[in-house]
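These protein sequence lines map, in sequence, to chains U and A.
Its first residue numbered 22, the first sequence is counted upward by one per residue in the numbering used here.
Its first residue numbered 1254, the second sequence is counted upward by one per residue in the numbering used here.
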Amino acid sequence: MGIITSMAAFWLAILVVFVMVNRGIWVFTDVSKSMSMFMLEKALGPPIDFVEGKKGSAATSWIIQGALWLIPASVITFCGLWLSHDPEALHSLSSWGLNPASTSLLTSGFLVAAYGSVGMLLIGSSMHIVPELGGTTLATEKNATLMSFVWTLAVIVMFVAANKPEIAGIKIMPLATLLTSLALIAVIVNMLLTAASRTKKMPLPGWMMIIGMISAPVSIVALAITGSLDSGTGQWLATRIHGPTSLFLMMSGAILYGASRGSGNPLWSRSLAAVTMVGAFFTINPLGLIEGEIASDFLGIDAAMFEPSRNDIVAGSFLLALSLIPIIALSANVLATMRGDDVFIENPDSPGMPEINLAAFMAVPISIGGLFVLTDHLTGTNELTGIHTSLVLMGMWVVFVPASLGAALSIFPEVSGRNVLSVNRSRWAFWLMAGGAFSGLIFTMMADFSDMALLEAAVEEENSMSSRIRVLGSVLFYGAVLGSIYHSLNIISGSFRGSLATEGPNPSSTSISSPYKLTKETTVRKILAQREGKLDTVVVPESSTDMPGSPTEL
Amino acid sequence: MLVMGFVSTMVFLILYGILFPSSELPVISSVLPVFDGVFDSGIWFFILGAMIGVFAILATMLTEATSE
């Protein structure tokens, strides 16, 4: 089955799902709603009583666990980068039966970051964003909170499976798939029930999150029905659609909401949001792993040889190139929303905003890099696959992680009721994480290029320069580890004793402290741009009321 | 308390050395060889830093949850 046929099946399945979500399931709608609610709560028996069901508890639980997963994800990735230049560094662990290698650590670090951090942060954010945009509450907070622990268990199993694929003859990765699927289906049903009880038209970011979530299992079902999963091309496509497309859509919804919420500006363009949503489905996302082997590992099937036909190469390259349209649309929309109508980025110090800014800014260049590497792989040239790992890690640590973390940080006060402990610590954490990940992975990529050049020149001697650059790269990446710890500490401390989110903003003076010498006429905007004064006029939306209006008495 | 603990530990160690010369310390001398060759790479200092961070988070959670 070719790429176009498989993609057509996926498009059709998504279309059917979208129509059904909007129009219900004929006469079964009410029955299915009550049955689903029963399955999510009462049917689970005593375990459901272990978790609390107050408003925001599910989102808080997912976000805190997602932030905590950043630490193992960054530590494992750091160890993987270190072992690429010093393979014997952790040999003492062999006395405990562990033999970590650079490749397995980098893969497991990537998976922990994708599923543990990004996945949990985005799902947690969606548990606030979808009800908020739909003017309703989450269908069941209890089940969503409980599922966060199932998901965490799945990530632990995934980490074990990436480093030790078989234990006692049993493949471990399918177990992780089973657990993630279980939790994801519960979350999807929860989201659908929430969307069904919406009281107003839901804006696109909400739909992006719901459909993005649904697209992950739907893509695998569609590929299985078309019989593509046995082929190398089908497994490659499964890797592309299941992970990057799904996460990209959820990330888009989260950062569009986060950028608007954090800056106080309305969404810059709904048309661009629609282009992002539709484009993400109709194209093949270039971010993420390039090989289909990981899909076969997850599904517990044999890996097939990747042998795309000429038509597959043409169609795949075309759809990959088209994917830049939704990515550029998203980037432009987020950056313009953050900027608003003037030259300033609103609330630049607000936790989450720098992360969203970084992700929106870096999404385009990383995607272009991914497009080159994937097209190179698809055509069988494989001249650029040497930088694949560094590029994938960069996509994860400077696009997906900052985007999901930024969105989560910007909504954290609303879901937990408290702000993060310190804005200053949040800023430090951003610079450590962004600087460490970007510079560390750039140096690693330089070493990759150096190795590729020597390999092409058939030089047999060991490349000492590459090794030295890799040392620098791994040490710099440690900044991401420190940033993760800072962020987690800030969120956890904030959830206990951060300032209350209900507290109003501090009124500030509008006086200009130093004399501002004018040589000609000027505008208030220019004075403010010189940081000579503050004009913190806060516009607070009026609370709505159901009381009927009456004429004003004179 | 800390000073008292430190002084009493030193006293016991010196006493043990006098009473049982040329014999190894119980428990400690069996545990230490486990760590032979562990810190022979710079990566362990970085891992130690991350572990301190993780313990700081655990300590924060415990103290915040149990404080008034």
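No residue lacks a Cβ here, since even glycine has one placed at the ideal position from N, Cα and C.
Min CB distance residue i to chain A below 8 Å
i: U/V96; result: yes
i: U/E312; result: no
i: U/W103; result: yes
i: U/R518; result: yes
i: U/I84; result: no
i: U/S534; result: Because the pLDDT at U/S534 is just 48, under 50, the model does not fix this residue reliably, and the point stays unresolved.
i: U/I177; result: no
i: U/L510; result: yes
i: U/A110; result: yes
i: U/V502; result: yes
i: U/P526; result: The predicted model places U/P526 with a pLDDT of 48, which falls under 50 and marks its position as unreliable; any figure quoted below should be read in that light. Output row for U/P526: interface = no.
i: U/Y278; result: no
i: U/S129; result: no
i: U/F99; result: yes
i: U/Y136; result: no
i: U/S169; result: no
i: U/S514; result: yes
i: U/D107; result: yes
i: U/I346; result: no
i: U/F31; result: no
i: U/N286; result: no
i: U/L36; result: no
Closer than 8 Å to chain U by CB, residue i
i: A/I1296; result: yes
i: A/T1319; result: no
i: A/F1299; result: yes
i: A/S1275; result: no
i: A/L1315; result: no
i: A/T1262; result: no
i: A/L1285; result: no
Residue interval of the alpha helix (DSSP H) (run including residue i)
i: U/Y499; result: 485–518
i: U/M212; result: 194–217
i: U/I408; result: Neither: U/I408 is in no alpha helix (DSSP H) and is coded neither H nor E.
i: U/L154; result: 141–155
i: U/M326; result: Premise fails: U/M326 is in no alpha helix (DSSP H) and is neither H nor E.
i: U/W289; result: Per DSSP, U/W289 belongs to no alpha helix (DSSP H) and is neither H nor E.
i: U/K222; result: Per DSSP, U/K222 belongs to no alpha helix (DSSP H) and is neither H nor E.
i: U/A522; result: Note, U/A522: premise wrong, no alpha helix (DSSP H); not H, not E.
i: U/L343; result: 331–343
i: U/P434; result: 422–437
i: U/E314; result: 314–320
i: U/G118; result: Where U/G118 is concerned, there is no enclosing alpha helix (DSSP H), given that its DSSP letter is neither H nor E.
i: U/N43; result: 24–44
i: U/W257; result: 253–261
i: U/I387; result: 374–399
i: U/M467; result: 444–477
i: U/D51; result: 50–61
i: A/L1315; result: 1296–1319
i: U/L268; result: 267–284
Assumed close pair residue i, residue j - CB separation to whole angstroms, cut-off 8 Å
i: U/S27; j: U/L258; result: 6 Å
i: U/G274; j: U/M374; result: With 8 Å as the limit, U/G274 and U/M374 do not qualify as a contact, their Cβ atoms being about 17 Å apart.
i: U/E129; j: U/F180; result: The question names Glu, but residue 129 of chain U in the sequence shown is Ser. Right, their Cβ atoms sit about 5 Å apart.
i: U/S352; j: U/A384; result: 5 Å
i: U/W422; j: U/V171; result: Looking at the sequence provided, one finds Val at residue 422 of chain U rather than Trp. Incorrect: roughly 22 Å between the Cβ atoms, too far for contact.
i: U/N270; j: U/G233; result: Checking the sequence shown, residue 270 of chain U turns out to be Leu, not Asn. With 8 Å as the limit, U/L270 and U/G233 qualify as a contact, their Cβ atoms being about 3 Å apart.
i: U/G337; j: U/G416; result: That belief does not hold up - the Cβ atoms of U/G337 and U/G416 are roughly 19 Å apart, past 8 Å.
i: U/G87; j: U/A429; result: 7 Å
i: U/T173; j: U/S78; result: Actually they do not touch by this definition, with Cβ atoms about 16 Å apart.
With 8 Å as the limit, tell me which residues of the region 1301–1313 of chain A have their beta carbon closer than that to any beta carbon of chain U; keep them in chain order.
-> G1302, A1303, G1306, V1307, A1309, I1310, T1313
Using a Cβ cut-off of 7 Å, which residues of the region 472–496 of chain U contact any Cβ in chain A, in chain order?
-> Identification of residues in the region 472–496 of chain U having a C-beta nearer than 7 Å to some C-beta of chain A yields an empty set.
If you measure beta-carbon to beta-carbon, which residues of the region 417–442 of chain U are closer than 8 Å to chain A?
-> none
With a floor of 4 residues, list each alpha helix (DSSP H) that falls wholly inside the region 78–118 of chain U, ordered by position along the chain.
-> 78–104
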